[in-house]
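Enquirer:
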Amino acid sequence: NIKVVGADRETTTIDGDSTGIAVMINNTTSSSLLDGFTIQNGSGSSGFINGAGVYCDNCVTMLKDLTVTGNIQDQSGDGSGIYSIQGNVTIENVSVTNNTGYFGAIGILVGSTATLNNVTISDNINSGNGGGLYINQSSTVTISNSEISSNTASSSGGGIFIVESDVTMDDLIIEDNIAETGGGIHITNQSNVVMSNLIVDGNEATLTAGGIYAWGNVTYVLMNSLVTNNTANQAGGIFQGYSIVPLIDNCTIAGNTAIEYGGGLVSANLLENDNAIVNETAITGNSAPMGSQLYIASYPGTWDEGSLPRVTLSYSNIEQDDETDYHESESGVADWASGNIDVDPMFVDSANGNYHLLASSMLINAGHPDSTDSDGSRADIGAYPYLNSYSGPTWYITESGNDTTATGASGDPFSSIQAGINFSSESDSVTVAAGTYVENINFRGRNIKLVGEDRETTIIDGNQNGTVIIIPTGGDGATVKNFTIKNGTGSEAEYGVSGGGIIVESLSTLDNLIIEQNSVEYSGGGIYFEG
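At position 389 of the sequence shown the residue is numbered 389 (full-length UniProt numbering), and the sequence of numbers has no breaks.
Given below as structure tokens:
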């Protein structure tokens, strides 16, 4: 039970000289400490094949400010960099890189408890499961504020492999890892996993689940997380099968690719009567020949063949532009509950990895009415809510404003009219300065007052892209005043494309408007009243 402290890990090295484990810690009953070293060139041997760098057996230990690198297991052991069995280990401010072995650069096994904080696990290669982190046999692990990247597992779990364990993850980046299944994370066999504030990006599976794989009596929760730009043969983003009530809440699943099916989310072979839940989540911009966004199926010949996979989706944005976006087999069911939409999510810059919402996004305040974001407003859909310190009741729009960080206050205006509407409450006003605003506007069932500076100089241009203004049901008392409304091409109505300039479905006031240069195939080139 001692504390071993080096001068600095950049200058103080423990070198195993490739002749055995570099550091071994056994049977400590109160907290021991290893702090401030580079630990390198350890090797697993026939007597101790686990933990070539640091081996912890039945001990209470803190590993702090370490670099664990270049350690090699020559047999099928666990934890080529760090190994813990039947202990309680805290790993803090540690880098585990360029280690080679079989199961995990860090291995946590056999009833161990581990806390990992500010840990980097990168560029490790393992010929079995768990390229970065391997957790097995009733272990309990908490990991936060860490990065797991560019690791490779020849079998499963390029970044993390979890089996028969309880794991909590928060504020992790899991990116650019590779495996056969579960390029980023692989969860299986009676594990309970809670994941929040994750970025699972750019991982690859040569078979199934580029991002996250969950199979076999697994309970998992994924909250406030991104699953983006992952690739696989099947299930580019997430594969969940034979699982017990998986919950995906306030996530963004986007830009993932599958060669065969299920670009975004695949749900298959849930246990009988189980129900996978997807809530306040954006599934969009994924690609696959079949079920590019959502794929639900049951596979004959697998466990529980008679089970009926069921996914309940609510208050989510699911892209459904064509029949390839959503696939439901005869043995799979999607329950489309309340509040689902299919719109352009309007991310700030998804091409460069920025999945925050623009203020003009229809995902803002589109979550469950009783669910709130941290600013107290109604929840947004997706991983990153647009938080706003201003609450109206008057919202300001100018051409020189912005929809990325603005609040909509008079000194910090938005640049789009839709942004002002998105943040408005009942009876609020949206005040628009002179200028040309190229957009299509939806009042979203609110009785707000939309007022331009002057109808000659305040122009809403629909850009030949549908109806310019839609006032849907639920917005009795809405007002549109002092605008030119032009270049609308209408929306699909009961008998054909109608309402080039304005569609009115609620009791509304239209005052001092110029409505011109709009066209439709059927009725109401300027204004279409319905309902």
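Ideal Cβ placement from N, Cα and C applies to all residues, glycine included.
Which ranges would you report for the beta strand (DSSP E) in the region 346–377 if only whole runs of at least 3 residues count?
Expert: 347–349 and 354–357
Enquirer: Taking the alpha-carbon positions, what's the Ser30 to Ser314 distance?
Expert: 49 Å
Enquirer: Using a 10 Å radius around the Cβ and a threshold of 16 neighbouring Cβ atoms, would you call Asn177 buried or exposed?
Expert: buried
Enquirer: Is Glu10 near the ligand NAD, in the sense that its beta carbon is under 7 Å from a heavy atom of that ligand?
Expert: Among the components modelled here there is no ligand, and therefore nothing to report on the ligand NAD.
Enquirer: Does the beta-carbon of Val5 have 16 or more other beta-carbons within 10 angstroms, so that it is buried, or is it exposed?
Expert: exposed
Enquirer: Assign Glu175 to buried or exposed, taking buried as 16 or more other Cβ atoms, counted over all protein chains shown, within 10 Å of its Cβ.
Expert: By the neighbour-count rule (16 or more Cβ atoms within 10 Å), Glu175 is buried.
Enquirer: Which one of Thr312, Asn269, His327 and Phe423 has the shortest CA to CA distance from Met290?
Expert: His327
Enquirer: Which parts of the region 97–167 are runs of the beta strand (DSSP E), unbroken and 3 residues or longer, counting only runs that do not cross its ends?
Expert: 106–109, 113–122, 133–135, 140–149 and 160–163
Enquirer: Can you tell me whether DSSP reads Gly420 as helix, strand or coil?
Expert: helix
Enquirer: Do you know offhand how far Ser287's Cα is from Gln293's?
Expert: 7 Å
Enquirer: Whose C-alpha, out of Ala52, Ile2, Ile121 and Gly16, is nearest the C-alpha of Ser32?
Expert: Among Ala52, Ile2, Ile121 and Gly16, the Cα nearest to that of Ser32 is on Ile2.
Enquirer: Which class does Gly531 belong to by DSSP, given the choice of helix, strand or coil?
Expert: coil
Enquirer: Report buried or exposed for Ile397, applying the criterion of at least 16 other Cβ atoms within 10 angstroms of its Cβ.
Expert: Residue burial annotation: Ile397 is buried, with at least 16 other C-beta atoms found within 10 angstroms of its C-beta.
Enquirer: Only counting the same chain, and skipping five residues up and downstream in sequence, which positions put a Cβ closer than 6 Å to that of Phe347?
Expert: The residues Tyr355, in chain order, have a CB closer than 6 Å to that of Phe347 in the same chain once the five nearest residues on each side in sequence are set aside.
Enquirer: Quick one, which of Gly525, Gly264, Val480 and Ile296 has its alpha-carbon nearest Glu492's?
Expert: For the residues Gly525, Gly264, Val480 and Ile296, the minimum Cα distance to Glu492 belongs to Gly525.
Enquirer: Shortest alpha-carbon distance to Gly285 belongs to which of Ala297, Ile296, Thr252 and Ala268?
Expert: Comparing Cα positions, the closest option is Thr252.
Enquirer: Could you spell out where the beta strand (DSSP E) holding Ala254 opens and where it closes?
Expert: Thr252 to Ala254
Enquirer: Using a threshold of 8 Å, state whether the C-beta atoms of Arg444 and Ile469 are closer than that.
Expert: No.
Enquirer: Using the Cβ count rule (16 or more neighbours within 10 Å means buried), how would you classify Trp215?
Expert: Burial call: buried.
Enquirer: Only counting the same chain, and skipping five residues up and downstream in sequence, which positions put a Cβ closer than 6 Å to that of Glu399?
Expert: Gly435
Enquirer: Could you check the C-alpha separation between Ala406 and Trp395 for me, to the nearest Å?
Expert: 11 Å
Enquirer: On a Cα-Cα basis, can you pick out the residue from Asp325, Gly87 and Ser43 that is closest to Gly81?
Expert: Relative to Gly81, the option among Asp325, Gly87 and Ser43 whose CA is nearest is Ser43.
Enquirer: Taking the alpha-carbon of Asn50 as reference, which of Thr11, Thr100 and Pro472 has the nearest alpha-carbon?
Expert: Thr100
Enquirer: For residue 532, collect the residues of the same chain with a Cβ closer than 7 Å to its Cβ; drop the 5 residues on either side in sequence, then sort them by chain order.
Expert: For the chain, the structure presents residues 1 to 531; residue 532 sits outside this window and is missing.
Enquirer: By the 10 Å Cβ neighbour count, where 16 or more other Cβ atoms means buried, how is Val266 classified, buried or exposed?
Expert: buried
Enquirer: Would you kindly work out how many angstroms separate the C-alpha atoms of Ser146 and Ala379, rounded to a whole number?
Expert: In a straight line, the C-alpha of Ser146 is about 27 Å away from that of Ala379.
Enquirer: With which residues is Val194 paired in a DSSP beta bridge?
Expert: Thr168 and Val221
Enquirer: Using DSSP bridges, identify the partner residues of Ser31.
Expert: Answer by DSSP bridge pairing: none, since Ser31 is not bridged.
Enquirer: Rounded to whole angstroms, what's the CA-CA distance from Ser374 to Ala7? Just pull it up for me.
Expert: 43 Å
Enquirer: How close, in whole Å, do the beta carbons of Ser156 and Thr140 come, if the pair is a contact with beta carbons under 8 Å?
Expert: That pair is no contact at about 21 Å.
Enquirer: According to DSSP, is Val520 part of a helix, a strand, or is it coil?
Expert: Three-state result, Val520: coil.
Enquirer: Within 10 angstroms of the Cβ of Ser112, are there 16 or more other Cβ atoms? Answer buried if so, exposed if not.
Expert: buried
Enquirer: Roughly how many angstroms separate the alpha carbons of Tyr102 and Gly132, rounded to a whole number?
Expert: 11 Å
Enquirer: Kindly indicate which three-state DSSP category Gly435 falls into: helix, strand or coil?
Expert: strand
Enquirer: Excluding five sequence neighbours on each side, which residues of the same chain lie with their C-beta closer than 8 Å to the C-beta of Trp303?
Expert: Because the pLDDT at Trp303 is just 45, under 50, the model does not fix this residue reliably, and the value given afterwards should be weighed accordingly. Tyr242 and Asn269.
Enquirer: Which whole-angstrom value describes the C-beta separation of Asn93 and Gly70, a residue pair presumed to lie in contact below a C-beta threshold of 8 Å?
Expert: Between Gly70 and Asn93 the Cβ distance is about 19 Å, and since that is not below 8 Å, they are no contact.
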